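Reading through the structure tokens given below for one structure.
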Amino acid sequence: MKVQPADRILRLPEQFFSALVRKANSYLAKGYDVINLGQGNPDLPTPSHIVESLREAALDPATHRYPPFSGLPELKEAIADWYKSEFDVELDPAAEVAILFGGKVGLVEISQCLLNHGDVCLVPDPGYPDYWSGVAMSGAEMVMMPLLRENDFLPDYSLLSQDVLLRAKLMFLNYPNNPTAAVANREFFRETVEFAAKNGIVVAHDFAYGAIGFDGQKPLSFLQIPGAKEVGVEFYTMSKTYNMAGWRVGFALGNRDVISLINLLQDHFYVSLFAAIQRASITALRSSQECVRELVATYQRRRDVLVGGLRELGWDCLTPKGSFFAWIPIPNGMRSVEFADHLLERAHVVVAPGIGFGKCGEGYVRVGLLAPEARLREAVERIGSIRL
Ligand code: PLP
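Positions 649 to 1036 (the numbering used here) are the ones given, in order, by the sequence shown.
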């Protein structure tokens, strides 16, 4: 029998970065000392008090049973309290918080909750490719919003046509931004609330890097803006803030109608996360946040090593303002895939070609600050020693 996949599966975009992983692995298999700065996987361990809390919770048989649908109320309360203390945002834990199996899942789910064939979803270009997957499955159409250097990598809503605005139902934004490392300012978020309300568009703000702002600048939560909860939700994740990428814990926060749709969809897919993981997440949110401050300081030092080193080589490097990436204009006019291949072949350094994040990513590569300073210094030295 020939198995015929459903149309929604056939519509899924190609996973661009799997080719990059394959190439890097082939160099590792040949025994080269590869410095992999191409991925977004935090390299440092989860702080030990969080791991210890998981250990204790896992020993309690109460956590071995099915957790409540839509998650532990105590975790929702911890999230609401944490948002209040970190961002001065008030959230009703019962109605304005949904617990997710990592942010990625929520970002795919929201398109299934809101979009039909014929609808439009506004997506940043360059942007995180998982937005595309959710929109593709829903059958809606994507309209790209270019993020350009001359606009500080913020979209320009005035470029969208009336036809697009009439059909648009959902919009993704992401600041601090992957891949450009740009941050949003209050005026832009105010303009976004106004634009979304006027055009009936739900805003999905991906705040995955909400903890990682440099030079003493704390990133803004979209929910800090008056009226934001009327038009949108914010996605947060434990992956980056607490180095918990493998634990798969994220949240959606804000507009109660959208939150209830996400919870409804999840009731049909899942029960909820392992209760021990939920308890350890409460520990992370309710304990001292010193570990987060230390992590941000580490990324800032790494940023300075990488960007400072590349500038010494004469590269026109942008200074990352947040996230743990550097978005680097290609210095010699090569296409991004060709340039990334060249760095891998000659310097054994892996970077992510900008085109993988969308058409407007061409001309750039994304470099992760996800290796110790000494390795980043070595990567710069190796790059400096090859002819570009
Ligand atoms: N959003 C952005 C922009 C990301 O870079 C990532 C992870 O790399 C995520 C969301 C998803 O993170 P997670 O699924 O681990 O919560």
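Beta carbons are placed, not taken as given, at the ideal position from N, Cα and C, and that holds for glycine.
Note that the structure is a prediction, hence the values are computed from the model and not measured.
Exposure label - residue i; buried when at least 16 CB within 10 Å
i, result
"L807", "exposed"
"I657", "exposed"
"E738", "exposed"
"M649", "exposed"
"D863", "exposed"
"G962", "exposed"
"F717", "exposed"
"P693", "exposed"
"Q914", "buried"
"R609", "Any question about residue 609 goes unanswered here, given that the chain covers just 649 to 1036."
"K724", "buried"
"P824", "buried"
"S674", "exposed"
"D681", "exposed"
"Q926", "buried"
"V651", "exposed"
"L702", "buried"
"N833", "exposed"
"N822", "buried"
"A705", "buried"
"D740", "exposed"
"H712", "exposed"
"E616", "The structure shown does not extend to residue 616, since the chain is modelled only from 649 to 1036, so the question has no answer here."
"K846", "exposed"
"F987", "buried"
"N799", "exposed"
"L1054", "This structure does not reach residue 1054, given that the chain is present from 649 up to 1036, and the question cannot be answered."
"K877", "buried"
"P653", "exposed"
Of the listed residues the options, nearest to residue i (C-alpha basis)
i, options, result
"L795", "P803, H765 and L762", "P803"
"D952", "V812, L961, A743 and P968", "P968"
"A1027", "C1008, A1000 and L991", "L991"
"V768", "F735, V831 and S809", "S809"
"G902", "Y731, P772 and E798", "Y731"
"L668", "H996, C1008, R1023 and V944", "H996"
"T885", "R713, N799 and I727", "I727"
"V699", "E798, A928 and Y947", "A928"
"L748", "I910, E960, A1000 and D964", "I910"
"E835", "L868, R815 and G956", "L868"
"A816", "A852, G861 and E993", "A852"
"P874", "W895, E839 and M892", "E839"
"P829", "E789, L814 and P774", "Inspection of the sequence shows that residue 829 is occupied by Ala rather than by Pro. The residue with the shortest Cα to Cα distance from A829 is P774."
"S666", "V841, D964, P777 and M892", "P777"
"L912", "A746, R994, A710 and G679", "A746"
"P695", "E789, N684, M982 and M892", "M892"
"W895", "R797, P690, D854 and G679", "P690"
For residue j and residue i, believed in contact at Cβ under 8 angstroms, the rounded distance
i, j, result
"L958", "G719", "That belief does not hold up - the Cβ atoms of L958 and G719 are roughly 43 angstroms apart, past 8 angstroms."
"V881", "I907", "7 angstroms"
"G1002", "A900", "So it is not a contact: roughly 28 angstroms between Cβ atoms."
"F837", "F870", "6 angstroms"
"A672", "V998", "5 angstroms"
"M819", "G1006", "Wrong, their Cβ atoms sit about 15 angstroms apart, outside the cutoff."
"A924", "G686", "About 33 angstroms separates the two Cβ atoms, so there is no contact after all."
"G970", "V831", "5 angstroms"
"N980", "L1024", "Their Cβ separation, rounded to whole angstroms, is 21 angstroms, which puts N980 and L1024 out of contact at 8 angstroms."
"D736", "Q872", "7 angstroms"
Close-in-space but distant-in-sequence residues of the same chain around residue i (CB under 7 angstroms, 5 per side omitted)
i, result
"S935", "H697"
"Y1012", "W975, I976, P977, I978, S984 and G1002"
"E1021", "R949, R950 and V953"
"V812", "V768 and V791"
"Y779", "L755, V771 and F820"
"V919", "Y714, P715 and F717"
"G1032", "L961"
"R994", "I1034"
"L676", "V682"
Contacts around residue i, its chain only, beta-carbon distance under 8 angstroms, and the 5 residues preceding and following it disregarded
i, result
"L660", "S781, A784 and M785"
"V940", "A859, T889 and Y890"
"G688", "N826, F972, F973, G1016 and L1018"
"Y947", "I860, F862, F972 and L1017"
"A844", "M819, V850, V851, V879 and G880"
"S733", "none"
"V608", "Because the chain here runs from 649 to 1036, residue 608 falls outside it and cannot be looked at."
Distance cut-off 7 angstroms: residue i Cβ against heavy atoms of the ligand GDP
i, result
"I727", "Of the ligands one can find in the structure shown, namely the ligand PLP, none is the ligand GDP."
6 angstroms Cβ shell around residue i - same chain, five flanking residues per side excluded
i, result
"H765", "G787"
"R904", "A743 and E744"
"F664", "G1004"
"G751", "A856, F883, T885 and G898"
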